[in-house]
Amino acid sequence: MKNRTSLLVTSVLAFALTACNAGEQASRDRTPLATTGSAADTKTPGAAQSCLAQDFDQFLTAFMGDVEVQKTHVALPLKSETVDPNAEPEPKPVTKMLPLADLKFPLMLSPQQQAQDGLQLSKTVTDPTHIEVKLVKPDTDYQLTFLFQNDGCWKLYQTRDDSL
């Protein structure tokens with residue numbers, strides 16, 4: 000009888016453990032992947048953050064709509080390219096590597112603000128892990144380009160302001 004009771008207890012415990020592991024795996028399957036690192040010379044703020052979405056369009060919607068998302072999904076230092084219109088003999092490009100403290104948020108306007116300002120958004124897929132998003136204002140020199148990469152999670156790694 001003692002062996003039978005031990006066998007029953009062992010079976011119940013094994014079943015419970017299996018059920019717990021299955022529930023834990025299902026929970027992991029629903030949880031977004033955590034960032035495990037970043038590109039060679041860049042870091043993402045926060046030790047372990049979760050990816051918003053692997054689908055870029057879903058990510059971009061969240062990125063444009065939330066400054067906190069922008070703060071946690073930007074490579075640091077952020078490469079910023081602008082044009083110095085006062086350079087002689089002609090305007091010249093200026094490249095800076097900006098730490099978080101030097102960034103002005105929002106980096107990218109919300110869709111509502113873009114519409115209000117008359118901006119048009121276009122997207123170019125360079126390759127599956129690199130996408131350029133361009134904001135332009137027709138009939139002006141306003142042109143901002145945001146470069147994103149996915150190295151496990153989407154993040155902004157460079158901005159380019161070609162406005163004069």
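Residue 147 in numbering that gives the first Met the number 0 sits at position 148 of the sequence shown, and the numbers go up by one each step. Glycine included, C-beta positions come from ideal geometry on N, C-alpha and C.
- For Thr60, the uninterrupted alpha helix (DSSP H) run begins and ends at 55 to 64, by DSSP.
- Within the same chain, Thr81, Leu143 come within 6 Å of Asp160 by CB-CB distance, once the 5 residues on both sides are set aside.
- DSSP places Pro110 in the uninterrupted alpha helix (DSSP H) bounded by 110 to 115.
- Counting of Cβ neighbours within 10 angstroms places Leu51 among the buried residues, the total reaching 16 or more.
- Between Leu155 and the set Asp56, Gln69, Thr60, Gln53, the nearest pair of CA atoms involves Gln69.
- In the three-state reduction of the DSSP assignment, Ala100 falls in the helix class.
- In this structure, the CA atom of Pro92 is about 6 Å from the CA atom of Asp83.
- A contact between stretches requires three or more CB pairs, one per stretch, nearer than 8 Å, and the region 144 to 154 meets this requirement with the region 55 to 65.
- Contact between Thr123 and Ile130 holds, since their C-beta atoms are separated by about 7 Å, short of 8 Å.
- With a threshold of 16 other beta carbon atoms within 10 Å, Met63 meets it and is buried.
- Around the Cβ of Val66, a 10 Å sphere holds fewer than 16 other Cβ atoms; the residue is exposed.
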